[in-house]
Structures are given as C-alpha cells and as structure tokens.
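If you're matching positions, the sequence shown starts at 11 in the working numbering and goes up one per residue.
Built from N, CA and C at the ideal position, the CB exists for glycine as well.
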Amino acid sequence: MPLLKEEYGISNTSFGIILSLVGIIYGISKFINGIIADRTNARWHLVLGLSICALVNYIFGFSDVLSAKITGQTGGPDFINIMVVVMAVLLIINNIFQGCGFAPCNHLMVNWVPPTELATKMSIWNTSHSIGAFGASIICGYLTDWKLCFWVPATIAVVGVFFIIATLRDTPKSVGLPELPNTKTELDEQEDPKAFRAFIRKKVFMNPVIWILALTDLFVYIVRFAVLDWGPTFLQEGGLSQELSGWTVGIFEVAGCLGMLFAGWISDHVFHSKSQRVCAIEMALVAVCLIILYLIRNCGNPVLILIFLAIAGFLLYGPQALLGVVASNQATKKAASSAVGLIGLMSYVSVIFTGAGLGIYTDHFGWDKLFLIMSGVAVIGTFVIATLWNLKGDGYIHDEDETKKTEPVSKY
Numbered sequence: 011m012p013l014l015k016e017e018y019g020i021s022n023t024s025f026g027i028i029l030s031l032v033g034i035i036y037g038i039s040k041f042i043n044g045i046i047a048d049r050t051n052a053r054w055h056l057v058l059g060l061s062i063c064a065l066v067n068y069i070f071g072f073s074d075v076l077s078a079k080i081t082g083q084t085g086g087p088d089f090i091n092i093m094v095v096v097m098a099v100l101l102i103i104n105n106i107f108q109g110c111g112f113a114p115c116n117h118l119m120v121n122w123v124p125p126t127e128l129a130t131k132m133s134i135w136n137t138s139h140s141i142g143a144f145g146a147s148i149i150c151g152y153l154t155d156w157k158l159c160f161w162v163p164a165t166i167a168v169v170g171v172f173f174i175i176a177t178l179r180d181t182p183k184s185v186g187l188p189e190l191p192n193t194k195t196e197l198d199e200q201e202d203p204k205a206f207r208a209f210i211r212k213k214v215f216m217n218p219v220i221w222i223l224a225l226t227d228l229f230v231y232i233v234r235f236a237v238l239d240w241g242p243t244f245l246q247e248g249g250l251s252q253e254l255s256g257w258t259v260g261i262f263e264v265a266g267c268l269g270m271l272f273a274g275w276i277s278d279h280v281f282h283s284k285s286q287r288v289c290a291i292e293m294a295l296v297a298v299c300l301i302i303l304y305l306i307r308n309c310g311n312p313v314l315i316l317i318f319l320a321i322a323g324f325l326l327y328g329p330q331a332l333l334g335v336v337a338s339n340q341a342t343k344k345a346a347s348s349a350v351g352l353i354g355l356m357s358y359v360s361v362i363f364t365g366a367g368l369g370i371y372t373d374h375f376g377w378d379k380l381f382l383i384m385s386g387v388a389v390i391g392t393f394v395i396a397t398l399w400n401l402k403g404d405g406y407i408h409d410e411d412e413t414k415k416t417e418p419v420s421k422y
C-alpha cells in the first residue's frame with residue numbers, strides 16, 4: 011500500500027474500502043468452503059484454490075496496464091479510479107479462492123489428530139499463517155516495485171501447488187489406516203445428505219458455543235488486522251523506513267508463531283485441553299500490552315515499540331489458533347470445518363472496522379488513538395470468551411453424556 015500510495019496517490023480511504031470488501035468476501039468464502047470441506051477431498055480442494063489464487067496474483071501486477079486499456083490514459087483521476095476498481099475486482103476473485111485454504115486443512119487436522127492433542131498440533135499448523143505473513147512482510151519490505159509484491163508470492167504459491175499434489179492425502183481411511191479412537195459420531199452410522207444437514211444444524215448453527223467462539227474471533231481479528239493491514243503505513247508515517255517497518259510487522263508475526271506454540275502446549279498439558287481458558291487469559295494480557303503501546307507511541311524509540319508489538323503478537327495469536335481448536339472439538343470431526351467456516355465468516359466481519367473504518371478514521375483523525383481503541387476491543391473479547399470457562403473438553407464427551415441421559419435405566 012505505501013508503494014501504490016506513493017506512485018498513484020491512492021488514499022487510505024480507498025485502500026480501506028478495498029480491504030473491507032475483500033475481507034467480507036473471504037469470510038463468506040471461508041464459511042461456504044467450510045461446509046464443502048466436510049464432504050470433499052482436501053487434497054484437490056487445496057490444489058484448486060491455490061492454483062487460481064496464484065494466477066490472479068500474476069494478473070494483479072498488470073492492474074495499471076488494464077486500467078490504461080480501459081481509460082486510454084496512463085495517469086489522472088479517471089485512470090486511478092479505474093485502477094482501484096480493477097484491483098478490487100481481482101482481490102475479490104482472489105479472496106473467493108483463498109477461502110479454499112483453511113477449511114480443508116482443518117478437515118485434515120481433525121481427522122488425523124485426536125482431541126486431546128489437537129491444541130498442540132493445530133497450533134503448530136497455525137504457525138504457517140504467520141510464517142507466510144512474515145515472509146511476505148519481509149520480502150515486500152525490500153521490493154521497490156509494487157508489481158513484484160504480487161508476482162513473487164504467486165511464484166511461491168505455484169511451488170506449493172506441486173508440493174500438495176505430491177505429498178498430501180485425505181483421511182486415514184483413504185490410505186487404509188483406521189479412524190481415530192474415541193471420535194465416533196452419529197454420522198458414522200449414516201452418511202446420507204439429509205442426516206449430514208441435520209448434524210450440521212445441531213453441531214454448528216444451533217450450537218451457542220460456536221456463536222460465542224465466533225463473536226470472540228471477531229474481536230481477535232479486529233486487533234490482528236489493525237496491526238497487519240495498517241502497521242507498515244502507521245510505522246512509516248511515524249518516521250520508520252519501509253524496510254524497518256516491514257521487519258517490525260514481520261517480528262509481530264514471528265512472535266505470534268511462538269505464541270501459538272506456547273498456547274497450544276499449555277492448553278493440552280496445563281489446562282487439560284480447555285483451550286478457552288488460555289484464550290481468556292491471553293486476551294486480557296493483549297489489552298494490557300496495547301495500553302502500554304498507546305502510552306509509549308511517541309517515545310521515539312522503535313526498539314521499545316517493537317518489543318511490545320512482539321509481546322502483543324505472542325499473546326494475540328494464541329487465541330487466534332485456539333478458538334478454532336475449541337470449535338473443532340465441540341463440532342466433532344464430521345462438522346469441524348463447517349464450524350470453523352462460520353467462525354471465519356464472523357472473524358472477517360472485522361474488516362468492516364479495520365478496513366474502511368480505520369481508513370476513514372485515520373484520514374480524518376490520524377493514528378493517535380489506535381492502540382487505545384484496540385485495547386478496548388481486546389477487553390470485550392476477554393469477557394465474551396470467559397463465559398465458556400467451564401466448557402467440556404469436546405463434543406464427543408457431550409454426545410456420550412446425552413446418550414447416557416436418554417438411555418432407559420433398568421429398575422432391576
């Protein structure tokens with residue numbers, strides 16, 4: 011965004027509207043793909059989505075060429091306006107197929123990993139998001155042509171497509187292995203579409219736990235996207251170089267990786283897989299870090315800002331990873347991707363606030379209150395997830411308890 015702003019004078023409001031639009035599209039796609047992923051082969055689901063995303067990113071680098079062909083101009087307000095529209099359309103297409111990523115991966119995790127280990131294993135898997143964001147942040151921090159910021163990641167994605175085809179397989183059953191023990195659901199007995207739809211309604215749409223998790227994820231993502239989407243711009247307008255601001259946000263992601271691993275481990279080994287308790291504690295601590303960042307925002311010491319951004323990332327990415335773990339365990343392996351898809355839809359509603367909302371706000375009022383506003387969001391998220399403090403470990407246990415309640419008891 012800083013490179014495009016410098017070359018074409020595109021405003022924060024325009025960028026913000028695009029971020030909001032594509033974020034909502036991605037959230038809807040994540041939701042739809044979550045339902046699809048529970049019934050399809052994860053390997054080819056991933057291949058389709060990533061292939062189209064790579065293609066669209068190559069085309070994105072020609073946004074200026076497309077705008078010139080449409081307007082017959084190479085500059086001026088009409089050219090820039092059409093270029094913004096072209097970028098928005100391409101990003102919408104990209105985000106439709108980006109939704110093919112998370113859901114099939116989640117489907118694989120719950121089919122290969124038992125509930126008592128899911129927080130640890132899924133936290134390891136979740137670091138891939140931060141590793142990718144770290145790589146993109148650092149790479150783009152050194153690229154002086156905005157087009158390369160799309161072409162280089164697209165080339166990496168193409169390599170990923172061939173890797174998936176060569177290495178990935180679907181469920182244990184698909185390669186002749188037994189299903190995981192203690193993960194039997196009522197759908198194991200009947201797999202017809204009607205039974206599946208009824209199961210999804212019960213485990214996802216009519217499940218208040220899933221809605222509480224979705225609302226919490228909304229607040230987590232508001233804080234996360236406020237840093238990721240606007241961090242480089244905020245830091246550069248505060249006097250940091252393009253390279254240093256890229257490293258700062260990149261370190262936020264690295265700290266997030268470590269935070270995920272830590273949160274997953276203590277969830278399984280200290281809190282007995284009650285991941286919602288870890289989420290509540292870490293969200294409260296995120297609020298404290300953001301208040302500190304608000305107080306030191308004008309200290310002129312980039313190292314101090316970097317340290318507290320890193321701590322905030324370490325704490326924030328624990329809930330980001332673990333909310334999906336709680337949802338997957340509660341919905342069971344047969345509806346896990348649908349549950350996470352619904353949560354994903356809610357989490358990307360956050361872009362209404364962090365995209366257009368912050369774009370308009372900062373154009374009019376600047377960056378001064380950003381961290382203070384985000385700390386308030388983190389506090390609200392803390393109280394919401396804390397309502398699930400005593401939630402049972404997984405949906406399989408809940409189903410067993412329900413069965414015991416309904417079974418007739420012999421008077422003999």
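What does the alpha-carbon distance come out to for the pair Val298 and Phe318?
10 Å
_So, with DSSP's three-state summary, where would you put Val168?_
helix
| Cβ-based neighbour list, Ile103, same chain, cut-off 6 Å, excluding 5 preceding and 5 following | Val66
Open item on the list: So for Arg211, helix, strand or coil by DSSP?
Closed with: helix
### Query
At which residues does the alpha helix (DSSP H) containing His139 begin and terminate?
Leu128 to Tyr152
> Ala273 and Leu332: beta carbons closer than 8 Å?
Replying inline: yes
Practice item. Let me know the alpha helix (DSSP H) ranges lying completely inside the stretch 41-122, each 4 residues or longer, listed in chain order. Key: 52-70, 73-81 and 87-122
Can you find at least 3 beta carbon pairs, one from the stretch 380-393 and one from the stretch 226-236, that sit closer than 8 Å?
yes
- Please name the residue, chosen from Gly71, Val95, Ala349 and Ala113, that lies closest to Pro423 on a Cα-to-Cα basis. The question about residue 423 has no answer, for the chain in this structure spans 11 to 422.
Item checked: Touching by the beta-carbon criterion (3+ pairs, under 8 Å), the stretch 287-304 and the stretch 350-366 -> no
Q. Less than 8 Å separating the beta-carbons of Leu401 and Gln286?
A. Yes, the pair counts as a contact, with Cβ atoms nearer than the cut-off.
Mind reading off the beta-carbon distance from Lys213 to Ala345? Whole number of angstroms is fine, and I expect it under 8 Å. 4 Å
| message | Let's test the definition: count the other Cβ atoms within 10 Å of the Cβ of Glu292 and tell me whether it reaches 16, buried, or not, exposed. | response | buried
Taking only three categories from DSSP, how would you classify Asp278?
helix
* Expressed to the nearest angstrom, what Euclidean distance is found between the alpha-carbon atoms of Ala78 and Phe107? -> 27 Å
Q.
Less than 8 Å between the beta carbons of Asn105 and Val32, yes or no?
A. yes
Checklist entry - Does the beta-carbon of Glu263 have 16 or more other beta-carbons within 10 angstroms, so that it is buried, or is it exposed? => result buried
For Ile220 and Gln340, believed in contact at Cβ under 8 Å, the rounded distance:
7 Å
* Using the rule of at least 16 other Cβ atoms within 10 Å of the residue's Cβ for burial, across every protein chain shown, is Cys309 buried or exposed? -> By the C-beta density criterion, Cys309 is exposed, having fewer than 16 other C-beta atoms within 10 angstroms.
Report back the beta-carbon spacing between Ser283 and Thr126 to the nearest angstrom; my notes put them in contact at under 8 Å. 6 Å
Note to self: Which runs of the alpha helix (DSSP H) at least 4 residues long sit entirely within the stretch 294-354? Give them in chain order.
What the structure shows: 312-341
Q. Under a three-way DSSP split, which group does Trp156 fall into?
A. In this structure, Trp156 counts as coil in the three-state DSSP scheme.
What is the DSSP secondary structure of Tyr422, reduced to helix, strand or coil?
Here the model assigns Tyr422 a pLDDT of 34, short of 50, so the residue's position is not dependable and the matter cannot be decided.
* Any heavy atom of the ligand SAM closer than 7 Å to the Cβ of Trp240? -> Questions concerning the ligand SAM fall outside what the structure shown contains, since it holds no ligand whatsoever.
Quiz item: Secondary structure at Leu124, three-state DSSP: helix, strand or coil?
Solution: In the sequence as presented, Leu is not what sits at residue 124; that position holds Pro. Correct three-state label for Pro124: coil.
- What is the C-beta distance between Ile90 and Tyr18, in whole angstroms, given that I count them as a contact (C-beta under 8 Å)? 5 Å
Notebook entry, point to check: Taking the alpha helix (DSSP H) that Met384 falls in, what are its first and last residues?
Noted result: Looking at the DSSP string, the run of the alpha helix (DSSP H) that includes Met384 is Leu380 to Ala396.
Item to check | Nearest candidate by alpha-carbon position, reference Ser73, set Trp135, Pro191, Pro114 and Val94 | outcome: Val94
In three-state terms, what does DSSP make of Asp227? helix
Discussion item. So, with DSSP's three-state summary, where would you put Leu268?
Written reply: helix
Review point. Near Cys150, what residues of its chain come up, given a Cβ to Cβ distance below 6 Å and the 5 sequence neighbours on each side ignored?
Key: Cys159
Reduced DSSP secondary structure (H/G/I, E/B, other) of Ile35: helix
On the criterion of 16 or more Cβ atoms from any shown chain inside 10 Å, does Gln330 qualify as buried, or is it exposed? Looking at its Cβ environment, which holds 16 or more other Cβ atoms inside 10 Å, Gln330 is buried.
- Whole-angstrom Cβ separation of Ile306 and Leu314, contact assumed at under 8 Å? Going by Cβ atoms, the distance from Ile306 to Leu314 rounds to 6 Å, so yes, they are a contact pair.
Alpha carbon of Met97 to alpha carbon of Trp156, nearest angstrom: Their Cα atoms are separated by approximately 12 Å.
request  = Report the three-state DSSP secondary structure of Lys204 (helix, strand or coil).
outcome  = helix
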